[in-house]
Structure formats: structure tokens, C-alpha cells
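Listed in order, the protein sequences are those of chains A and B.
So the first sequence is numbered by the numbering used here: it starts at 4 and just counts up by one.
So the second sequence is numbered by the numbering used here: it starts at 152 and just counts up by one.
We put the CB at the ideal spot given by N, CA and C, even for glycine.
As the structure is a prediction and not an experimental result, all values here were calculated from the model.
Each remark here refers to the structure printed beneath this line.
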Amino acid sequence: MTVVETTYREAMRAALRDAMTRDERVFLMGEDVGRYGGCFAVSMGLLEEFGPERIRDTPLSESAFVGAGIGAAIGGMRPVVEVMTVNFSLLALDQILNNAATLLHMSGGQVAVPLVIRMTTGAGRQLAAQHSHSLEAFYAHIPGLRVLAPATLEDARGMLWPALLDPDPVILFEHGSLYAVSGPLEDAAPEVDITSAAIRRAGVDVTVVAWGGCLGKALAAAETLAAEGISAEVVDLRVLRPLDSATVLASVRRTHRAVVVDEGWRSGSLSAEVAARIAEEVFYDLDAPVERVCSAEVPVPYAKHLEDAALPQAETVAAACRRAVGAGG
Amino acid sequence: MLAQMVRIRRFEEACVQLYSQTRIRGFMHLCIGEEAVAAGVMGALAERDAVVSTYREHGHALARGLPMPEVMAEMFGRASGSSRGRGGSMHLFDTTRRFYGGNAIVAGGLPLAVGLGLAERMQHRDGVAVCFFGDGAAAEGEFHESLNLAALWRLPVLFVCENNLYAMGTSIERELAVPDLALHAAAYGMPAWPVDGMDVEAVDQATRRALDDVRSGEAPVFLEMRTYRFRAHSMYDPELYRDKAEVAHWRERDPVEVFAARLRGEGVAVDEELTLVESAVAAEIAEAVSFAEAAPLEPVEDLTRFVHSEEGQR
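Written as C-alpha cells, this is what we have:
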């Protein structure tokens, strides 16, 4: 087993190549996944390797090709559908909610939909409002879906195969700012659990819950806090539905304080769900109110200083942790 | 085909009675007047073909071979229903007969059919995905996206538009800039032709010809079935948007009567046959109602079953 320097993008591509090699029913379909090489270059080179039947360029028809993915899954294939960005996925929300998530239940258990949908999410690249939003909570709201947010190289490499083995629809959210992140990764596929949150850094004073593009900011904040003598535990939520409350609650029981970081808007957000579960389940373990660090309630602006101000940042996370532990901030 | 149409007609008439007795609830959309489309298309399909239907699918389901007791039990919301009481009138499913619903979102089934056709093609099978939808679907984006995708990839999909002239209460002239539906399909480069949807033989012949074309792998085909529903859109519809004279005019073209008259003209002993059919159907309906009434309710403890697949389904 060798360890090689890899980017998140390459890890995702390796996962796709691996899945297509393991199971001939797997194919990739989406806008510009073939000749262009993928909007974020994830599928670069796969067309040459697997051909146009299995690396299938689609027209700009989100609803039709996501729905076709659902139909193909029902018909015996194992499609991976790439939706360029979460903003475009709203055009396919009908298919994802009314069909993919619903058919199994509505048919009394007959029509399972073994489909994986990958989409990019998140801000931080000065793409302005329509290309920067984090709408994971929309999908995490829907029973019948499994919603994953790989934030590490290991998860980018290892979540796709178990997602394809899942007999039900799985959505993979890839944060746009992660693709170029690089680090060492074993070249064999790690076994990744797609049902549980992961503790990325142990600590005793405060639990920081983050996922996707905010995980790195949470870890950076924990590093800063460590230098100040505050020990933050960082939980990577990673499975946004069904939520793994147990890992979060167990951590908060140990640290007695919680900060939830969410790139979505505060109102009606996943952070609201996590905070509510903490309040419902471990209220008497808390030594401080749950803090939330979310995006400002504005469409994400273009100008860098405004975009930075709209988003959670390592420093705002650290400040929330300081408030939680009563260290000022 | 005559027997099948009578069976669908009488089943739905029974449903009206049961609905008025509040034994069937929810939205219920009847296809009375449109039986020739269900009977004609389904009779021409093979078992290997996949079917995607709409919320007005009692006729499709029965003609496809879903057992009437299970369909009735589903209307009653029972555990023995074809969707274990979770679907109701609008969501009948039977995967053993490749019947994939039962979709209440107008045009929502079209992309599914495109995908089912894609799966046939990618697995080198020769099944055709047959998709039913109404004229109202033609105003939806999913209709155009799906026709384009199926034609672009030359997929084995048969699009069957049941043009009954109304999208709920909006007449086709008030919903489509171009009400000639075959023209829409032709714009995507697929063969498309209108069919007299009140004539079961015309439907049967058109479907067989279309299926031959689709199976030969050339392209999807689009059939516009010109039909009419004699009853309101749903049980809640006061039907203020069309006059009784129009309905009466179309009733003169009743698909059951038209076909029976033609057979009579050919010297077939239709009335004797109809007597037998009517009594057999009455017995089948009575049995279906007794089955549904006696069927157990799904336990409330099983409320959250089938949100995710269970071990046995993996």
C-alpha cells in the first residue's frame, strides 16, 4: 500500500474510475462530464478510458437527466449523475424529491432507486449569489435520501462506492473550494462509513460541529484556540441525512459546550437542526448556550471583502468558541 | 379489447359509488371515456416493456394486468393494496409487471421513462419504455427536455399523449401556443402521429406500428391519442369550464359503444358476449370490493417502513 500526494479532485476521479471498473452497471452522466472533462475537471480523462456510453454528456436539462438517472436506476443500472452546482439542482428538485426520494415508500417498498447524485456546493470563489449558495439543508430535509458531505481526501475517495452499494438515492455534496486541496492519501480505497459523523480532532472544552467546506475552518480555529489553551473537539458531521446525532451528542456530553458551523443561512438551517437536537437531548449537560456560526442572511456577494464577511471564517468560529467557554470573544 | 374496456368502465363506476360512500378518499381521477387508449396500448405491449403512468391510471393498471383486488385494496388504503396503502388511487405500482406508477406530478414521469429506455439500451435488452401523460404535460419543461433527450440518444421510448383537450380545467387552446401536439414531437425529430383515441382498434394498430419502429432502434415515437374524459377532472371538480353539450357530443363517440357497433356490423354476436362480460366483471368487482374490505390495515408501527430499503431488498 503506497501513500501518494493527491488532490480532492483526483481522489473523486479515482473513486469514479474504481466504481466503473468494479461494476459495469455504473456510468457517469451530466453536463460536460465527457469531452469537457467535467466543469471542475473531476472526470477529466474518463471519457477516453470508458467511452461515451458510460461517460455520458447531457444537454442542459437538469430535470430530464436527473429523472433519467432515476429511471435508469429503476431499470437496473447504477448511475452517477453529476449536477454542475447545487443552484442548478433546483431545476431537478422535482425529480429528486417527488421521484427519487418518494418512489420506494409510495410504491409500498417496490421501487428502489439506487442512484448517486454528485453536486458542487458552497462559496468562497467570488462567483456571486447564483453560484455560491449552500443548499444542503434543502436536501437534508427530505426523507428517503442519504446526504453526504465529503470534506476530506479519504471521504472523497471512499464515499462513492458505499453510496453506490446503497439501494436508495444518495446525494454527495462536494464543496467547490475543496477540489484543489491536496495531501497524502493511500492509493487503495479506504473503507468509509457513510452512516456516521467523524471526530476529526479530539478536545475537552468545546465541541465544534462542521462539515464540507467549513471543516477546514473549524480545524484552523481549533488550532488557534489550542495555542490559547482552549481544547476544541471538531466533529465532521459528514452525513447530513440521516443525521448521526449520537456522535454529536456524545461529544457535547463530554465538552458541555457546542458551536455549530454552517455555510447555509441561519434561518431554517442544518445548524438549527443540530442545535435543536442538542437542546432536546443534552440540555442539562450544557454549560453555555449553543453557539451558531452561519452565513449572513444575504445572497452571497461577489466582492471579496463582502463575500468573506458573509461566510463563516476560522476567526468567527474561534470567537464563538471563546464565548462558549467564557473566555471572551 | 371490448371486455377490457367494459372492465375498466365498470370498475371506475364502482369506484364512484364507493367514493360517495367515503370508502375511497383522496383525489380520484377517472378515465371514463378514455378506455380505448388503456386497452389498446396495453394489449399491444410485451411483458418486458416498462410502463410509466399518470394519476389517471386505473385503466392503465387494470389493462396492464394488476389484479383488481389489489388495485381496489389500494383505493381503500389497505395493506394488501398494490402500494400497501401508501399510494392510493394516484400511485398504483407493480414492479413484477413493470408498471412504475402512478405519478401525480404532471410530466414528472417522462424523464423516468427516458431513463428506463436508457437502461434497456445500456443492458442490450429490447424492452420499450412506454410513457403515458396528458396534453397538460406539453406545457411543462420536463416534456420538452425528455423528448429532446430521448430523441438525441435515440432511446427506445414510446411517448403516449392522452390528449383529452383539458389540462384540469384549462382547454388546450388556452394552454398551448401550438395545440397540435404531434408538431411538438416532430420538432425533436421523432416520428409522431395522431390517433383516434376513441377507437380501440386504431389505438392497437398505431401502438403496434410504433413499437415496431421503436424496437428497430431507430428512434423514440410519439403518439397523440385524441380522446376525451366524460367525467370531471377529479371528484372535487364542479366542471364549470365546459358545457354539457360538448360532453354529450363526445359521448356519442363512446369507445365501448363505437367498438360494439362495429362488431355488430361485422356480424359478431356482441350483445350475447357483452351479457357474459358484464356478469363476469360484476363478479370480479364484487370480489375485489370484498377483498379490499376484508384486507388488513398496514400497522401504524410500520409507518416509517420503505423510507429506506430493508435488508431483504438489498
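Query	Result
Proximal residues to Ser270 of chain A (C-beta, below 6 Å), its chain only, five neighbours per side dropped	none
Unbroken beta strand (DSSP E) run spanning Ile120 of chain A, endpoints	119 to 124
Residue range of the beta strand (DSSP E) that includes Gly252 of chain B	250 to 254
Any chain A beta carbon closer than 7 Å to Glu293 of chain B	yes
Residues in the segment 52 to 64 of chain A having any Cβ partner in chain B nearer than 8 Å	Glu56, Thr61, Pro62, Ser64
Helix, strand or coil at Asn101 of chain A [DSSP, three-state]	helix
Residue range of the beta strand (DSSP E) that includes Ala290 of chain B	No beta strand (DSSP E) holds Ala290 of chain B; DSSP gives it neither H nor E.
C-beta contact flag for Val351 of chain B and Met223 of chain B at 7 Å	no
Contact with chain A by Ala270 of chain B, beta-carbon distance below 7 Å	yes
Host alpha helix (DSSP H) of Ser441 of chain B (start-end)	421 to 445
is_contact[Pro146 of chain A, chain B] using C-beta, thresh 7 Å	yes
Chain A contact residues for Leu153 of chain B, given Cβ-Cβ distances below 7 Å	Per Cβ cutoff of 7 Å: no residues; Leu153 of chain B is ~31 Å from chain A at best.
Beta strand (DSSP E) segment containing Asp200 of chain B, residue limits	Note, Asp200 of chain B: premise wrong, no beta strand (DSSP E); not H, not E.
Cβ-based neighbour list, Cys324 of chain A, same chain, cut-off 6 Å, excluding 5 preceding and 5 following	Val209, Leu228, Ala235, Val262
Backbone secondary structure at His178 of chain A - three-state DSSP	strand
Residues that DSSP places opposite Val409 of chain B in a beta bridge	Paired residue(s): none; Val409 of chain B is not in a bridge.
Residue from A:Ala76, A:Thr198, A:Ala18, A:Asp311 with nearest C-alpha to Cys217 of chain A	A:Asp311
Three-way DSSP call (helix, strand, coil) for Ile281 of chain A in this model	helix
Contacts that Gly37 of chain A makes with chain B (C-beta to C-beta distance below 8 Å)	Those do not exist, as Gly37 of chain A stays about 13 Å from chain B at its closest Cβ, beyond 8 Å.
Span of the beta strand (DSSP E), counted from its first residue to its last, around Ile77 of chain A	No beta strand (DSSP E) contains Ile77 of chain A, which is instead part of the alpha helix (DSSP H) from 65 to 77.
Where Asp355 of chain B falls: helix, strand or coil (DSSP)	helix
Buried versus exposed, by CB contacts within 10 Å (16 or more), Met4 of chain A	exposed
Alpha carbon of Ala306 of chain A to alpha carbon of Ala131 of chain A, nearest angstrom	8 Å
Contact set for Arg237 of chain B: own chain, Cβ-Cβ below 8 Å, skip 5 residues either direction	Glu449, Phe457
Ala333 of chain B and Trp344 of chain B closer than 7 Å at C-beta	yes
Asp290 of chain A versus A:Leu240, A:Val238, A:Arg257, residue with shortest Cα-Cα distance	A:Arg257
Short CB-CB distance (under 7 Å) between Arg465 of chain B and chain A	Annotation note: pLDDT 47 at Arg465 of chain B (below 50); position unreliable, coordinate value reported separately. By this cut-off, Arg465 of chain B is an interface position.
Rounded separation between Ala192 of chain A and Asp171 of chain A - CA only	22 Å
Per-residue burial, Tyr339 of chain B [other beta carbons within 10 Å of its own, 16 or more giving buried]	buried
Environment of Ser110 of chain A [buried if 16+ CB atoms lie within 10 Å]	buried
Whether Val173 of chain A touches Ala213 of chain A by CB criterion (7 Å)	no
Proximity test, Cβ basis, 7 Å: Glu296 of chain B and chain A	yes
Alpha-carbon to alpha-carbon, Val419 of chain B and Tyr142 of chain A	59 Å
Nearest-angstrom Cα separation, counted from Ile145 of chain A out to Leu100 of chain A	7 Å
Any C-beta of chain B under 7 Å from that of Pro170 of chain A	yes
Chain B contacts from the segment 72 to 87 of chain A (Cβ-Cβ distance under 9 Å)	Gly72, Ile73, Gly74, Ala75, Ala76, Ile77, Gly78, Gly79, Met80, Pro82
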